[in-house]
Every structure is written in C-alpha cells, then in structure tokens.
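Quick notes on the structure that follows.
In our numbering, the protein residues as written are 1 to 253.
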C-alpha cells in the first residue's frame, strides 16, 4: 500500500503543476490587460479628437502646505495599515496564537473596516470640519495597535475589531479629504496624484521598518514605539488636513 502511494505522488504532483502552469500562464494573466486595452481605446481616440482637452495641464501643488498635509496623512495612515496587514498575524503567532487563529483575527480586523469606511465620512460631514472624526479614528487605531501587542490573547477578537474600526475610518477620511480640500475637479485630480505618489512611497517603508526593528531587538516593544510614532505623525498631519480649508494651487501653474 505504501509503495503504491509513493508511486502515485509524482503523477499527482504533475497534475498540480500543470494546473499551476495553466493558471499562471501568459494567456490567463494577460487577459485582463487585453480587456482593459479594448475598453480604453475608444477614450484614447476621443482624446486625440480633442487635443486641447487632452493637453490640459493639472495645477501644481508643491508649494501648498495643505496639499502636503493631506498627502502625508494619506501616507502615514497607509503605512500603519500595511504594517497591520503584513505583521499582525506574525505578532499574534509569536505571542501564542495558532496560525489559524491569528489569520482569523486579521480577517476580523479587515472585515469590520467596512463599517467605519462608510460611517466616518458621514460623521465628518455633520461637523464643522473633519478633525474630530480623524482624531477619533486614530484613537481607535492606537488602542487596537497597542492591545494586539500587549493585551491578553483571550480578548484579542475585541481588540482586532477596534483596530479594524479605526483603520477603516482613517482610510476613508484620507480619501474624503482629496475632495473636501479641493476647490475644483482639476485640483482634486492633482491632489489625488500627489497624495498617492508621495503617500504610498511613505507607506511602503512601514512594513520594512517593522521587520528591521523586530529582527534587531528580538521583541515587539520597539515596534510598539514605532506604531506610536506613526500614530502621532498621522494625528499631526490629520489635524492640519482636517481643517475646513481649500488648497490654493501654485501661482506658476
């Protein structure tokens, strides 16, 4: 019996590898690209027919302090989220949870974000500005970050929920500010490009720093301090970006 089982494994592995090659083949992976090109071509021809509209330049925002506050708020809150998505299960497994339980906690954290992703902008629209909503969501995020590192594992489902509520609300506010701080659609487009370019460059460094800190110290205490620094930065730039103001583009634009 065991000999027959050993002989059947190469055939089974071959079938699995064949399916993998099919799933990862250029035809499968490239098909969304071909669909996107087909959908984009009519709009490309429309732009060529109207060169004046196609060549319109977006305003520059490099000298706007408010635009930088929005961009850095976007980046730092994204860095926090990337750290959580990349390292929360690792932290919880290191603290004693099984990999299955740790993955479930991350699922809770990500699932409940839908609640505040919808609720936070509604709350902010009823206030004179967005600072109070941003502060509340950052407070929830900090509570969740610290408790997932230090709180008892028995209540981790609660802290994962609080963390997810905070992250969802902060992210939706970062997106809402792109519109709320823009007086025109052109400024909104320019601010979106600036925020995503600068912001996600900043955000990409977060998980790397977490890994370096844990590798160097061998524990999660330095990571907790790093989380607090990120939260302070997010709060600082969020308080600036949350004011009821509009961005003024560069005069040279």
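Where is the CB? At the ideal position from N, CA and C, for every residue including glycine.
Close Cβ partners of residue i (< 6 angstroms) along its chain, the five nearest in sequence each way excluded
| i | result |
| --- | --- |
| residue 235 | 138 |
| residue 242 | 129, 130, 131 and 134 |
| residue 24 | Note that residue 24 has pLDDT 47, beneath the 50 cutoff, so the model's placement of it is unreliable and the number below is only indicative. None. |
| residue 28 | With a pLDDT of only 49 at residue 28, under the threshold of 50, the placement of this residue in the model should not be trusted; the figure read from the coordinates follows. Result list for residue 28: empty, nothing under 6 angstroms. |
| residue 240 | 69 |
| residue 147 | 159 |
| residue 84 | none |
| residue 166 | 137, 140, 141 and 144 |
| residue 183 | 246 |
Boundaries (first-last residue) of the alpha helix (DSSP H) holding residue i
| i | result |
| --- | --- |
| residue 69 | 65-95 |
| residue 192 | 185-217 |
| residue 166 | 156-180 |
| residue 236 | 221-241 |
| residue 139 | 131-150 |
| residue 277 | Nothing can be reported for residue 277: it is not among the residues displayed for the chain, which extend from 1 to 253. |
Contacts around residue i, its chain only, beta-carbon distance under 7 angstroms, and the 5 residues preceding and following it disregarded
| i | result |
| --- | --- |
| residue 4 | Low confidence applies to residue 4: its pLDDT is 42, below 50, so where it sits in the model is not reliable, and the reading given next is rough at best. Once the five neighbours on either side are set aside, residue 4 has no close Cβ partner at all. |
| residue 76 | 202, 230, 233, 234 and 237 |
| residue 186 | 58 and 59 |
| residue 118 | none |
| residue 179 | 188 |
| residue 151 | 159 |
| residue 95 | 153 |
Contact check, residue i vs residue j, beta carbons under 8 angstroms
| i | j | result |
| --- | --- | --- |
| residue 89 | residue 103 | yes |
| residue 172 | residue 248 | no |
| residue 144 | residue 157 | no |
| residue 155 | residue 71 | no |
| residue 86 | residue 164 | no |
| residue 73 | residue 204 | no |
| residue 149 | residue 68 | no |
| residue 200 | residue 78 | yes |
| residue 140 | residue 108 | no |
| residue 92 | residue 168 | no |
| residue 124 | residue 176 | yes |
Own chain residues within Cβ distance below 8 angstroms of residue i, not counting five before or after
| i | result |
| --- | --- |
| residue 97 | 105, 153 and 156 |
| residue 245 | 66 and 181 |
| residue 82 | 203, 204, 206 and 207 |
| residue 250 | 59, 60, 61, 62, 63 and 64 |
| residue 99 | 89 and 93 |
| residue 213 | 222, 223 and 226 |
| residue 41 | none |
Check: residue i C-beta below 7 angstroms from any heavy atom of the ligand ATP
| i | result |
| --- | --- |
| residue 104 | By its list of ligands, the structure shown contains no ligand whatsoever, and the ligand ATP lies outside what it can speak to. |
For residue j and residue i, believed in contact at Cβ under 8 angstroms, the rounded distance
| i | j | result |
| --- | --- | --- |
| residue 197 | residue 80 | With 8 angstroms as the limit, residue 197 and residue 80 do not qualify as a contact, their Cβ atoms being about 19 angstroms apart. |
| residue 223 | residue 208 | About 12 angstroms; that fails the 8 angstroms criterion. |
Residue-level contact to chain C via CB, residue i, 8 angstroms cutoff
| i | result |
| --- | --- |
| residue 127 | The chain labelled as chain C is not found in the depicted structure, where only one protein chain is given. |
Report yes or no: do the region 60-76 and the region 191-204 share at least 3 C-beta pairs separated by less than 8 angstroms? yes
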